[in-house]
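Per the numbering used here: the sequence shown = residues 39 to 372. Idealized CB from N, CA, C, for every residue including glycine.
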Amino acid sequence: MNAIRNHATGREPLHLSFVVPVFDEEETVGHFVRRVNELFDPAHYRLDMVFVNDGSRDSTLDRLLELQRQDGRIRIVDLSRNFGKEAALSAGLSAALGQVVVPIDVDLQDPPELVHEMVRKWREGHEVVLARRVDRRQDSLAKRATALIFYRLHSRIADVAIPENVGDFRLMDRRVVDALSALPESRRFMKGLFAWMGFRTAIVDYARPERVAGQTKFNGWKLWNFALEGTTSFSTAPLRVWTYIGGLVALLAIFYGLFTIARVLIQGVDVPGYASIIVSISLLGGLQLMGIGILGEYLGRTYLESKRRPVFIVRHLYEDTRGEAQQEPAMAAQ
Ligand code: UDP
Ligand code: MG
């Protein structure tokens, strides 16, 4: 708490880290750095911008190195391939050094000016400040609809509720970042982990603008897998529901069996019935396959988790060589 109070007096600049995952963002990184420089006065903020190059195939890394030559506060974690945004965020968070840390999209869809308001909330004593989108007009209708269904369904069946319309954009106190880095799992659904950790939380609202340049990296299939990941990593309900469905179907089958026996006894053997057999066999077959699929989903997750592979692999950590003390290049990769 003392550290927070000291900053509140405004005497010392606040050490603020941005964690910025980038994947094929050569067009946007320049915009981002320029905007941040306009917004954050060095008298009030000691900045640290951690870019995580998530296996970009374009000249993103060269652009970043060029920017770093002009601005020593830029640090670049270069991953060995594309590990996905979740892993890239983990990499960036473990490299961030700030007293407060803000994961942010490079395309300026998470408006950096909002951070001023987040810092105000943090100074009031909140350890996490969430940025909530009040309108998603910039997203396609399909994306909005599926997001809504996902949040509703997820909040019904999962053990921790994910706040609706809240992305990865948020401000976290140092102790929250440390707690997150200490979580042992290697398959990371960040929104869920953030929610699971708790801490004193405040919310600020914003309208999500359009991308400054470039294209979105999330298509429908990627989002579907993301939703699947989110559901299965935070809930066992899809696994349990099969016990009930199976029980119900079995009960119905017993009644139907009794009914058939009674009918044979009363009316004799009945040749028709072909249709009902086909229907019940295919229905049960379908249900069983779904059940097995869901079991497989969880089993696969357990399997991958049991390998204890690192979340990401760092090829190189580029630090400014002119300025302050060097960071250890060997990063703990979970
Ligand atoms: N991103 C990443 N790895 C990926 C996909 C995306 O690091 O595999 C980054 C991307 O560069 C951007 C952020 O994640 O900084 C958000 O991506 P995007 O803007 O494409 O997503 P959207 O805003 O459309 O949901
Ligand atoms: Mg975006």
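(request) Pick out whichever of GLN137, ALA183, ASP177 and ALA169 has its Cα sitting closest to the Cα of ARG161. (result) Position 123 of the sequence shown, counting from 1, holds the residue named residue 161. For ARG161, the nearest C-alpha among the options comes from GLN137.
(request) Give every residue of the same chain whose Cβ lies closer than 7 Å to the Cβ of PRO59, excluding the five residues on either side of it in the sequence, and list them in chain order. (result) Within the sequence shown, the letter at position 21 stands for residue 59. Contacts found: VAL90, ASP92, LYS123, ALA126, LEU127 and GLY130.
(request) Report the option in PRO222, GLU63, ILE304 and MET228 whose CA atom is closest to the CA atom of LYS345. (result) For the purposes of this step, residue 345 is identified with residue 307 of the sequence shown, where counting begins at 1. With distances taken between Cα atoms, LYS345 lies closest to PRO222.
(request) Could you confirm whether any beta carbon from chain B is found closer than 8 Å to the beta carbon of GLU50? (result) In the displayed structure, chain B is absent; only one protein chain is listed.
(request) Would you mind working out which of ARG73, ARG194, SER320 and HIS354 sits nearest SER273, comparing C-alpha positions? (result) Taking the first residue of the sequence shown as 1, we reach residue 273 at position 235. Of the candidates ARG73, ARG194, SER320 and HIS354, the one whose C-alpha sits nearest the C-alpha of SER273 is ARG194.
(message) Beta-carbon within less than 7 Å of ALA371's beta-carbon, same chain only, minus the 5 sequence neighbours each way: which residues are those?
(response) Looking up residue 371 in the sequence shown gives position 333. Confidence at ALA371 is low in this model, with a pLDDT of 44, below 50, so the placement of that residue is unreliable and no value is reported for it.
(request) Could you please go through the chain and list the residues whose beta-carbon is closer than 6 Å to any non-hydrogen atom of the ligand MG? (result) ASP143, ASP145, GLN147, ARG249 and THR254
(request) Please name the residue or residues paired with TYR356 in a DSSP beta bridge. (result) On the sequence shown, position 318 is the one that residue 356 refers to. Paired residue(s): ILE114.
(request) Please state whether DSSP places ASP145 in a helix, a strand or coil. (result) Translated into positions along the sequence shown, residue 145 becomes position 107. In the three-state reduction of the DSSP assignment, ASP145 falls in the coil class.
(request) State the Cα-Cα distance for the pair ARG171 and VAL144, rounded to the nearest angstrom. (result) Residue mapping note: residue 171 aligns to position 133 of the sequence shown, counting from 1. Residue mapping note: residue 144 aligns to position 106 of the sequence shown, counting from 1. Spanning the two alpha carbons is a distance of roughly 17 Å.
(message) Are there any heavy atoms of the ligand MN lying less than 7 Å away from the beta-carbon of ALA126, as far as the coordinates show?
(response) This structure does not include the ligand MN; its bound ligands are the ligand UDP and the ligand MG.
(request) Report yes or no: do the region 204-224 and the region 103-111 share at least 3 C-beta pairs separated by less than 8 Å? (result) no
(message) Is GLU267 near the ligand UDP - that is, is its Cβ less than 7 Å away from at least one heavy atom of it?
(response) For the purposes of this step, residue 267 is taken as residue 229 along the sequence shown, with counting starting at 1. GLU267 Cβ: outside cutoff for every heavy atom of the ligand UDP.
(message) Is the separation between the beta-carbon of LEU322 and that of VAL287 shorter than 8 Å?
(response) For the purposes of this step, residue 322 is taken as the residue at position 284 of the sequence shown. For the purposes of this step, residue 287 is taken as the residue at position 249 of the sequence shown. Yes, the Cβ-Cβ distance between LEU322 and VAL287 is below 8 Å.
(request) Just the C-alpha distance for THR270 and VAL215, rounded to the nearest angstrom, thanks. (result) The sequence position of residue 270 within the sequence shown is 232, counting from 1. The sequence position of residue 215 within the sequence shown is 177, counting from 1. About 24 Å.
(request) Whole angstroms is fine: what's the gap from THR298's alpha carbon to GLY284's? (result) Taking the sequence shown and counting its residues from 1, one reaches residue 298 at position 260. Taking the sequence shown and counting its residues from 1, one reaches residue 284 at position 246. Near 21 Å, if we compare the C-alpha coordinates of GLY284 and THR298.
(message) Between ALA134, MET156, LEU179 and GLU335, which has its C-alpha nearest LEU277's C-alpha?
(response) Mapped onto the sequence shown, residue 277 falls at position 239. Taking only the C-alpha atoms, the option nearest LEU277 is GLU335.
(request) Since I believe ALA245 is in contact with ASP173 (beta carbons under 8 Å), could you give me their beta-carbon distance rounded to a whole number of angstroms? (result) Translated into the one-based positions of the sequence shown, residue 173 becomes position 135. Translated into the one-based positions of the sequence shown, residue 245 becomes position 207. Going by Cβ atoms, the distance from ASP173 to ALA245 rounds to 5 Å, so yes, they are a contact pair.
(message) Is GLU65 near the ligand UDP - that is, is its Cβ less than 7 Å away from at least one heavy atom of it?
(response) The residue you call residue 65 lines up with position 27 of the sequence shown. Not so, every heavy atom of the ligand UDP lies at least 7 Å from the Cβ.
(request) Taking all protein chains shown into account, decide if ASN203 is buried (16 or more other Cβ within 10 angstroms of its Cβ) or exposed. (result) In the sequence shown, residue 203 corresponds to position 165, counting from 1. It is buried - the Cβ of ASN203 has at least 16 other Cβ atoms within 10 Å.
(request) Could you tell me whether the Cβ atoms of GLU63 and SER94 are closer together than 8 Å? (result) By one-based count along the sequence shown, residue 63 stands at place 25. By one-based count along the sequence shown, residue 94 stands at place 56. It is a contact, given that the beta carbons lie within the stated cut-off.
(message) Using 8 Å as the threshold, is the C-beta distance between VAL67 and VAL139 below it?
(response) The residue you call residue 67 lines up with position 29 of the sequence shown. The residue you call residue 139 lines up with position 101 of the sequence shown. Contact flag unset, no.
(request) Compute the beta-carbon to beta-carbon distance between ILE200 and ALA169, rounded to the nearest angstrom, for a pair I have assumed lies under 8 Å. (result) The residue you call residue 200 lines up with position 162 of the sequence shown. The residue you call residue 169 lines up with position 131 of the sequence shown. Contact doesn't hold; Cβ gap of about 14 Å is too wide.
(message) I'd like to confirm the pairing. Which residues does DSSP put opposite PHE89 in its beta bridges?
(response) Locating residue 89 in the sequence shown gives position 51, where the first residue counts as 1. In the DSSP output, where bridge partners are listed per residue, PHE89 has VAL58 and ILE114.
(request) Please classify ALA81: does DSSP put it in a helix, a strand, or coil? (result) Here residue 81 is taken as the residue at index 43 of the sequence shown, counted from 1. The answer is coil: DSSP assigns ALA81 none of H, G, I, E or B.
(message) Would VAL242 and PRO150 be called neighbours here (beta carbons separated by less than 8 Å)?
(response) Here residue 242 refers to the residue found at position 204 when the sequence shown is read from its first residue. Here residue 150 refers to the residue found at position 112 when the sequence shown is read from its first residue. No.
(request) Go ahead and pull the three-state DSSP assignment for ARG43. (result) Indexing the sequence shown from 1 puts residue 43 at position 5. Legend: pLDDT at ARG43 = 47, less than 50; position of this residue unreliable, value from coordinates given subsequently. In the structure shown, ARG43 sits in a helix (DSSP, three-state: H, G or I).
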